[in-house]
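K.L.:
Residues -33 to -1, 1 to 361 (mature numbering (1 follows the signal peptide of the UniProt record, and there is no 0)) make up the sequence shown, in order.
Quick reminder that beta carbons are idealized off the backbone N, C-alpha and C, glycines included.
This one's a predicted model, so the numbers in the text were calculated from it and none came from an experiment.
The structure follows.
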Amino acid sequence: MNSSSSSDSITLTMWWPSAVVVLLLLTSNLVASQSIIKTLPGFTGELPFKLETGYIGVGELDEVQLFYYFIESERSPKDDPLVLWLNGGPGCSALSGLLFEIGPFTFNYANSSGNKPTLELNPYSWTNVANIIFVDAPVGTGFSYAITWEAYNVSDTSSAAQTYEFLRKWLLSHSMFLSNSLYIAGDSYSGIPIPIIVQEISNGNEVGHLPPLNLKGFMLGNPLTHRIFDVDARLKFAHRMALISDKLYESTKRNCKGEYIYPDPSNAKCIEDLQVVEECLTQICLAQVLEPNCATESPKPNKFRELSVLGGNFIDIHTSTPEVPGPWCRNYNYRYSYIWANDKTVQQALHIREGTKTNWERCNQSLEYTENVITSIDYHRNLTKKDLRALVYR
């Protein structure tokens, strides 16, 4: 070894401990915001898995406080992958993913009544084989909040950057997971921000951001990929599902020339066809066309052309609980999350900071959020050139 390389080796050896000390000092305030939850209202006995909740501050002055639920793998935490999970919306709480999709517990609907939802274990939880961080992002989602009004103004790109910052800080205070394979996952609207987050992580690793993240890939369920193409494709889907006639389909295609979201307002034939399409879909649940068309959590005046992934007819499901058994409705099950998450004893158990949320919503549709990325296709193209695994599922 020559003198130059020897000098470099000494410098590197001296630099690493100093860097670690600085990074630990920077994150020492984060440890205090972490809490281990052993019991939860509605669940009998102690939780049979490790649940941690907490806040991570992001932004120049930590003005954004992102809330998370972390559940260790029930198999081998030190060996199993680490997954960061986001729900769609934008503005849908990660608690929705935890309770209704991939988490270790859900509501016991048969034994829940009135204002006392009960919980039961989910045998199909992803936490059987993975460590999962469920993050309420962007800011304003779930129990996440900001300490200034200005900090609530975020976009696809700025929120993705904040989530990347969250992950780096979280891993610094959970260094035992730094070597675990890392995957970023989510569904629905997350098809836009997640590829951006993955790109942020990849770029950060390349320029030497600390800590280096052991990124292995990403997973997207039923993702939004292109704001215009995805929604325009609903016409073909509606036709193939026999929701509209051959005649109406061909007429709409011919008159609108593929422009269904933003048609030319002077194109009377196209506008007329789209109105008929809308009438045909009035009683259809667009999110799940084979399920009953039930009340949803927000009004959507134009179901076919609505850009949001949340569609349906508006009834206040927070208070309108059917007393007489009727057709099963996915959205009626959601009401239990409102009752449970807004219960003061639940918030105390989860260590929610008092006064930071007036009312928890499964999907907050009043976010100050700018959708500044039309499509994530270019991100997908770039990420396929890297040594990453990708799964897109329906």
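Distance check for K353 and M208, CA to CA, integer angstroms please.
P.N.:
Sequence index remark: in the sequence shown, residue 208 carries index 241 (1-based). Sequence index remark: in the sequence shown, residue 353 carries index 386 (1-based). C-alpha separation (whole angstroms): 37 Å.
K.L.:
Between which two residues does the alpha helix (DSSP H) carrying N349 extend?
P.N.:
Counting from one through the sequence shown, the residue named residue 349 turns up at place 382. Taken as a continuous stretch (DSSP letters only), the alpha helix (DSSP H) holding N349 covers 344 to 350.
K.L.:
Write down every uninterrupted run of the alpha helix (DSSP H) in the region 108 to 143 whose length is 4 residues or greater and which is fully enclosed by it, in chain order.
P.N.:
Listed in chain order, they are 123 to 139.
K.L.:
Could you spell out where the alpha helix (DSSP H) holding G58 opens and where it closes?
P.N.:
Looking up residue 58 in the sequence shown gives position 91. First-last for G58: undefined, no H or E at that position.
K.L.:
Between which two residues does the alpha helix (DSSP H) carrying W307 extend?
P.N.:
Within the sequence shown, residue 307 is the residue found at index 340, counting from 1. 297 to 308 is the extent of the alpha helix (DSSP H) around W307.
K.L.:
Classify D46 as helix, strand or coil using the three-state DSSP reduction.
P.N.:
Reading the sequence shown from its first residue, position 79 is the one you call residue 46. In the structure shown, D46 sits in coil (DSSP, three-state: anything other than H, G, I, E or B).
K.L.:
Tell me whether the beta-carbon of P230 lies closer than 8 Å to the beta-carbon of C223.
P.N.:
Taking the sequence shown and counting its residues from 1, one reaches residue 230 at position 263. Taking the sequence shown and counting its residues from 1, one reaches residue 223 at position 256. Contact: yes.
K.L.:
Would you decide whether A205 is buried or exposed? Buried here means 16 or more other CB atoms lie within 10 Å of its CB.
P.N.:
Counting from 1 along the sequence shown, the entry for residue 205 is found at position 238. Per the 10 Å Cβ criterion, buried.
K.L.:
Residue range of the beta strand (DSSP E) that G171 falls in?
P.N.:
On the sequence shown, residue 171 is found 204 positions in, with the first residue counted as 1. Looking at the DSSP string, G171 is not in any beta strand (DSSP E); the run it does join, the alpha helix (DSSP H), is 160 to 174.
K.L.:
For I238, which of T249, C252, R221 has the nearest alpha-carbon?
P.N.:
Here residue 238 corresponds to residue number 271 of the sequence shown, with the count starting at 1. Among T249, C252, R221, the Cα nearest to that of I238 is on R221.
K.L.:
Have a look at S333, K324, Y305, N331 and flag the residue whose alpha-carbon is nearest the alpha-carbon of G81.
P.N.:
Here residue 81 corresponds to residue number 114 of the sequence shown, with the count starting at 1. If we check each option's Cα against that of G81, Y305 comes out closest.
K.L.:
Counting only runs of 4+ residues fully inside the region 180 to 225, write out the alpha helix (DSSP H) ranges in chain order.
P.N.:
As far as the region 180 to 225 is concerned, its whole alpha helix (DSSP H) runs of at least 4 residues are 196 to 199, 201 to 207, 213 to 223.
K.L.:
Please state the DSSP three-state secondary structure of Y360.
P.N.:
Walking along the sequence shown from the start, residue 360 turns up at place 393. It is a strand residue.
K.L.:
Tell me which same chain residues have a C-beta within less than 6 Å of the C-beta of P84, skipping the five on either side of it?
P.N.:
By 1-based counting over the sequence shown, the position of residue 84 is 117. Closer than 6 Å at the Cβ level, and outside the excluded window around P84, lie G9, F74, Y303, I306, W307.
K.L.:
Within a Cβ cutoff of 8 Å, which residues of the same chain sit near D197, ignoring the five residues on either side of it in sequence?
P.N.:
Within the sequence shown, the letter at position 230 stands for residue 197. These residues qualify, in order along the chain: L191.
K.L.:
Taking the alpha carbon of F67 as the reference point, which residue from Y301, Q314, Q315 has its own alpha carbon closest?
P.N.:
Residue 67 sits at position 100 when you count from the first residue of the sequence shown. Ranking the options by Cα distance to F67, first place goes to Y301.
K.L.:
For Y346, collect the residues of the same chain with a Cβ closer than 7 Å to its Cβ; drop the 5 residues on either side in sequence, then sort them by chain order.
P.N.:
Within the sequence shown, the letter at position 379 stands for residue 346. Contacts found: P162, I163, Q166.
K.L.:
Less than 6 Å between C-beta atoms, sequence neighbours within five positions excluded: which residues of the same chain meet that for M143?
P.N.:
Counted from its first residue, the sequence shown places residue 143 at position 176. Cβ within range, chain order: n/a, list empty.
K.L.:
Which residue from P15, L33, F16 puts its Cα closest to that of I23?
P.N.:
Within the sequence shown, numbered from 1, the residue matching residue 23 stands at position 56. Among P15, L33, F16, the Cα nearest to that of I23 is on L33.
K.L.:
Does D240 come out as helix, strand or coil in the three-state DSSP assignment?
P.N.:
Locating residue 240 in the sequence shown gives position 273, where the first residue counts as 1. Residue state, collapsed to three classes: helix.
K.L.:
What residue range is occupied by the uninterrupted beta strand (DSSP E) comprising T73?
P.N.:
For the purposes of this step, residue 73 is taken as residue 106 along the sequence shown, with counting starting at 1. Per DSSP, T73 belongs to the beta strand (DSSP E) from 72 to 74.
K.L.:
On the DSSP letters alone, give me the boundaries of the beta strand (DSSP E) that V25 sits inside.
P.N.:
The residue you call residue 25 lines up with position 58 of the sequence shown. Residues 18 to 25.
K.L.:
If you reduce the DSSP assignment to three classes, tell me which class E68 lands in.
P.N.:
To locate residue 68, count along the sequence shown from 1; it is residue 101. Three-state result, E68: helix.
K.L.:
For N298 and G175, I'd like the C-alpha separation in whole angstroms.
P.N.:
As a first step, residue 298 is located in the sequence shown; it is residue number 331 there, counting from the start. As a first step, residue 175 is located in the sequence shown; it is residue number 208 there, counting from the start. Answer to the nearest angstrom: the Cα atoms are 45 Å apart.
K.L.:
Hey, would you say F16 sits closer than 8 Å to I100, going by beta carbons?
P.N.:
On the sequence shown, residue 16 is found 49 positions in, with the first residue counted as 1. On the sequence shown, residue 100 is found 133 positions in, with the first residue counted as 1. In this structure, I100 does not lie closer than 8 Å to F16 by Cβ.
K.L.:
When we look at the beta-carbon of L28 and count the other beta-carbons within 10 Å, is it buried (16 or more) or exposed?
P.N.:
Position 61 of the sequence shown, counting from 1, holds the residue named residue 28. Exposed, since its Cβ has fewer than 16 Cβ neighbours within 10 Å.
K.L.:
Does the Cβ of P289 have 16 or more other Cβ atoms within 10 Å, making it buried, or fewer, making it exposed?
P.N.:
Within the sequence shown, the letter at position 322 stands for residue 289. Bear in mind that the predicted position of P289 carries a pLDDT of just 44, short of 50, making it too unreliable to give a figure here.
K.L.:
Who are the Cβ neighbours of L355 in its own chain at under 8 Å, not counting the five residues just before and after it?
P.N.:
The residue you call residue 355 lines up with position 388 of the sequence shown. V165, S169, L182, K183, G184, F185, listed in sequence order.
K.L.:
Three-state secondary structure (DSSP) at L274?
P.N.:
In the sequence shown, counting from the first residue as 1, residue 274 sits at position 307. Unreliable positioning characterises L274 in this predicted model, as indicated by a pLDDT of 46, which lies under 50. The coordinate reading is nonetheless provided below. If DSSP states are grouped into helix, strand and coil, L274 belongs with coil.
K.L.:
To the nearest angstrom, how far is it from the Cα of residue 362 to the Cα of A200?
P.N.:
An answer regarding residue 362 cannot be provided, because it is not within the stretch -33 to 361 covered by the chain.
K.L.:
Measuring only the C-alpha atoms, how far is T11 from L51?
P.N.:
Looking up residue 11 in the sequence shown gives position 44. Looking up residue 51 in the sequence shown gives position 84. Cα-Cα distance, rounded: 28 Å.
K.L.:
With a CB to CB cut of under 8 Å and the five nearest residues on each side skipped, what residues in its chain are close to E217?
P.N.:
Position 250 of the sequence shown holds residue 217. Same-chain partners within the cutoff: there are none.
K.L.:
Residues in the same chain with beta-carbon distance under 8 Å from Y360, minus the five sequence neighbours each way, listed in chain order, please.
P.N.:
What you label residue 360 is simply residue 393 of the sequence shown in a count that begins at 1. These residues qualify, in order along the chain: M186, L187, G188, N189.
K.L.:
Considering only the beta carbon of each residue, do D123 and A61 sit closer than 8 Å?
P.N.:
Here residue 123 corresponds to residue number 156 of the sequence shown, with the count starting at 1. Here residue 61 corresponds to residue number 94 of the sequence shown, with the count starting at 1. No.
K.L.:
Rounded to whole angstroms, how far is the Cβ of L210 from the Cβ of C247, which I believe are closer than 8 Å?
P.N.:
For the purposes of this step, residue 210 is taken as the residue at position 243 of the sequence shown. For the purposes of this step, residue 247 is taken as the residue at position 280 of the sequence shown. About 6 Å; that satisfies the 8 Å criterion.
K.L.:
Which residue marks the beginning of the alpha helix (DSSP H) containing V106, and which one marks its end?
P.N.:
Sequence index remark: in the sequence shown, residue 106 carries index 139 (1-based). It is not in any alpha helix (DSSP H) - V106 carries neither H nor E in the DSSP assignment.
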